[in-house]
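Residue numbers (this note's numbering): 4 to 179.
Structure, as structure tokens:
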């Protein structure tokens, strides 16, 4: 498994890099040797932030945690990723009873918990007028939402603009 470790506002020491590599390398059992993980360590306003993104078979495993201690942030993100992998395993097992992707060794220390079945409880339909992303951001703020689905007048495609934790905006542009 290839692990890319980078830092923002922090010097990534060998000890931090070794900790990240050791913790993320156990996911190779599930993801395979050709997978790639992107890990970012950063410090903002005294908060130690650790982010990991692992693309795998059309699924993106992602975790982010901010604490007062970088090592604790790393441990918390690994725990989140283990839960995500466990959830994906459960989904696959339900779909394909005989399917086995070498999950057994990865989950030796994780207790089995019943996953709640996700339910769609509400469906909304609305008319979309084409608008640029900046106008969509203003509409989102006016509505008081943290995301907004719109037809992008620049690309003529459906996009989603969202408010990020850092207060900036993100734009999701699907690729088909």
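Just so you know, even glycine gets a beta-carbon here, dropped at the ideal spot from N, CA and C.
Keep in mind the model is a prediction, meaning the values are calculated, not measured.
| Check | Outcome |
| --- | --- |
| Alpha helix (DSSP H) segment containing residue 33, residue limits | 31-34 |
| Backbone CA spacing between residue 173 and residue 93 [nearest angstrom] | 31 Å |
| Residues sharing a beta bridge with residue 199, DSSP | Absent from the structure is residue 199, since the part of the chain shown begins at 4 and ends at 179. |
| Residue 160 versus residue 57 - alpha carbon distance | 26 Å |
| Rounded C-alpha distance that separates residue 75 from residue 51 | 9 Å |
| Residues of its chain near residue 66, where Cβ-Cβ distance is below 6 Å and the 5 sequence neighbours each way are ignored | 55, 80, 83, 84 |
| Residue range of the unbroken beta strand (DSSP E) whose run includes residue 47 | 39-47 |
| Residues bridged to residue 67 [DSSP beta-bridge criterion] | 54 |
| Per DSSP, cross-strand counterpart(s) of residue 150 | 165 |
| Pairwise C-alpha distance: residue 40 and residue 4 | 8 Å |
| DSSP beta-bridge partners of residue 9 | 43 |
| Beta carbon of residue 158 nearer than 8 Å to that of residue 176 | yes |
| Strand pairing of residue 133, partner residues [DSSP] | 154 |
| Alpha carbon of residue 149 to alpha carbon of residue 64, nearest angstrom | 22 Å |
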